[in-house]
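Worksheet: the structure to be examined is printed underneath.
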Amino acid sequence: MRRLIGIPKQEQPLAAWRRAVLLLVLFLLVQCCLWEGQHSVFVASVESPAGWIRSPRRLFEPLCLSPVPWAAARQGRGCVCRPSAAPVARSALPWEGLFEEDSSAPTNTEEAAEALQEAMMALFDETAPGTKSTRTRFTIDMPKAMSLGVEGGPVDALEPPPLPVKKSAVARADRELAAAWVQMFQELKISERLCVGFRSEVLANTAKRTWQTWGDSHIFAFPSSEESLASEKILRRKLLRRNAGPGTILLAVAPRESELKILDKLLDAYGKNVIVFLLNARLRATAPPGSLKERYARDFDTAFHLGWVGPNREGFLFRAMREKAGPTPWFVAKRLASGEWKEVLRAKEEPSTEAISAALA
Numbered sequence: 012m013r014r015l016i017g018i019p020k021q022e023q024p025l026a027a028w029r030r031a032v033l034l035l036v037l038f039l040l041v042q043c044c045l046w047e048g049q050h051s052v053f054v055a056s057v058e059s060p061a062g063w064i065r066s067p068r069r070l071f072e073p074l075c076l077s078p079v080p081w082a083a084a085r086q087g088r089g090c091v092c093r094p095s096a097a098p099v100a101r102s103a104l105p106w107e108g109l110f111e112e113d114s115s116a117p118t119n120t121e122e123a124a125e126a127l128q129e130a131m132m133a134l135f136d137e138t139a140p141g142t143k144s145t146r147t148r149f150t151i152d153m154p155k156a157m158s159l160g161v162e163g164g165p166v167d168a169l170e171p172p173p174l175p176v177k178k179s180a181v182a183r184a185d186r187e188l189a190a191a192w193v194q195m196f197q198e199l200k201i202s203e204r205l206c207v208g209f210r211s212e213v214l215a216n217t218a219k220r221t222w223q224t225w226g227d228s229h230i231f232a233f234p235s236s237e238e239s240l241a242s243e244k245i246l247r248r249k250l251l252r253r254n255a256g257p258g259t260i261l262l263a264v265a266p267r268e269s270e271l272k273i274l275d276k277l278l279d280a281y282g283k284n285v286i287v288f289l290l291n292a293r294l295r296a297t298a299p300p301g302s303l304k305e306r307y308a309r310d311f312d313t314a315f316h317l318g319w320v321g322p323n324r325e326g327f328l329f330r331a332m333r334e335k336a337g338p339t340p341w342f343v344a345k346r347l348a349s350g351e352w353k354e355v356l357r358a359k360e361e362p363s364t365e366a367i368s369a370a371l372a
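Going by our numbering, the sequence shown opens with residue 12, and the numbers climb by one from there.
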């Protein structure tokens, strides 16, 4: 029989060995595919916002080099964030301990996005139902018009954009930051907890048209000024449509003073049952003395902040929180003549305008 099929007797063991190796390789490939398809932190699925998710790592493509289970990522195993990210937390928060010596300000958009992703994961753990934390009010700010490529466009460099900034670019960046939250809650199968409020029906409809699908998240628009007399009731009805209760998270996307006034009445009615994230509210940059924005800037905890400072936007102010980590300071970085960013100040509390100016001088 061996002569009929042309296999000499001495070559038979070698052929069997090759077949065994081939079967092992095929088995490992199948396992890798199953792992990537079922356990990625951000998995592209039929429920994900279509049009900007093309792979399991499309949301923050530079961040994760291989699929990582969400549970393992939260325990620090895997490649969700590089050690160079600079997460920080406020001194009064329950997760704070001692300063981490290896913390630093980001030097590029990739590192800033890594810190943002980890801050989102830390906020998820901090606000999950059943936790003992009493913190329910947070701000998340990115530089105006900075794109992370969530909707498929290019990722902007970590540098101030030319002035004047286009309104369409600002709206896109605000929408992308909200889309990152929508996707995360979809993939965790808890999107029914999420309510996303835009300033107008136009912005809300643009988000729906761009995302195409958003799972069970509730997308709505804040009441207009014409509805100001009944705005609290209208907003309460919009939230109650999604059974707003303990654990409900409200994302207010780029709210202005008028939306904050409506939100303030709502918070009085719901108390801490509704967790509020202000996305790109930029309270510090636009808060007149004695205004509601100034009070919110004081009362809301800074989960993530990255914004330009200095008369010529030659520096940035940075802070981000991280899971189960001690606090890291507020950072001020200055752009050198070479184009690189250099840390020039770190402080436990948010530095004053005078301290920032002195550091950038």
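The beta-carbon is built from N, C-alpha and C at its ideal position, and this holds for glycine as well.
Item: Pairwise C-alpha distance: GLN128 and LEU274; Value: 26 Å
Item: ALA191 versus ALA184: straight-line alpha-carbon distance, rounded; Value: 11 Å
Item: Alpha-carbon to alpha-carbon, PHE327 and SER349; Value: 16 Å
Item: ILE151 in three-state terms, based on DSSP; Value: strand
Item: Exposure label - SER179; buried when at least 16 CB within 10 Å; Value: exposed
Item: Cβ neighbours of GLU305 in the same chain (closer than 6 Å, five flanking residues each side left out); Value: ALA298
Item: Coarse secondary structure for LYS345, derived from DSSP in three states; Value: strand
Item: Beta-carbon proximity of PHE149 to PHE342, cut-off 8 Å; Value: no
Item: Contiguous beta strand (DSSP E) assignments of at least 3 residues, all confined to the region 291 to 327; Value: 312 to 320
Item: Three-state secondary structure (DSSP) of TRP46; Value: The predicted model places TRP46 with a pLDDT of 49, which falls under 50 and marks its position as unreliable, so this point remains unresolved.
Item: Spatial distance of THR217 from THR224 (CA atoms); Value: 12 Å
Item: Any 3 or more C-beta pairs closer than 8 Å across the region 154 to 172 and the region 132 to 144; Value: no
Item: CA nearest to the CA of SER368, picked from PRO322, GLY208 and PHE231; Value: PRO322
Item: Residue range of the beta strand (DSSP E) that includes TRP352; Value: 352 to 358
Item: Beta-carbon proximity list for ALA232, same chain, < 6 Å, skipping 5 on both sides; Value: PHE209, SER211, GLU212 and ALA215
Item: Residue interval of the alpha helix (DSSP H) (run including PHE135); Value: 120 to 138
Item: Per-residue DSSP class, three states only, for ARG220; Value: helix
Item: Test item: CB-CB of LEU290 and ALA331 under 8 Å; Value: no
Item: Run of the alpha helix (DSSP H) containing LEU371, from where it starts to where it stops; Value: 364 to 371
Item: From LYS177, THR147, ARG186 and LEU174, residue whose alpha carbon lies closest to that of GLY160; Value: ARG186
Item: Which of helix, strand or coil DSSP assigns to ARG333; Value: coil
Item: C-alpha distance - ALA124 paired with TRP28, whole-angstrom precision; Value: 47 Å
Item: Alpha carbon of LYS249 to alpha carbon of GLY164, nearest angstrom; Value: 32 Å
Item: Closest residue to TYR307 among GLU198, LEU271, HIS316 and ALA314 (Cα-Cα distance); Value: LEU271
Item: Rounded separation between PRO340 and TRP222 - CA only; Value: 36 Å
Item: Buried/exposed call for VAL36, threshold 16 Cβ in 10 Å; Value: exposed
Item: Host alpha helix (DSSP H) of ALA184 (start-end); Value: 178 to 198
Item: Whole-number beta carbon distance between GLU325 and MET423, since they are thought to touch under 8 Å; Value: Here the chain has residues from 12 to 372 only, and residue 423 is not among them.
Item: Beta-carbon proximity list for LEU134, same chain, < 6 Å, skipping 5 on both sides; Value: ALA314
Item: Whole-angstrom distance between ALA156 and VAL176, CA atom to CA atom; Value: 7 Å
Item: Contacts around LEU317, its chain only, beta-carbon distance under 7 Å, and the 5 residues preceding and following it disregarded; Value: ALA123, ASP152, MET153, PRO154, PHE327 and PHE329
Item: Beta-carbon proximity check, VAL355 vs ALA366, cutoff 8 Å; Value: no
Item: Identity of the residues DSSP links to ALA232 by a beta bridge; Value: PHE209
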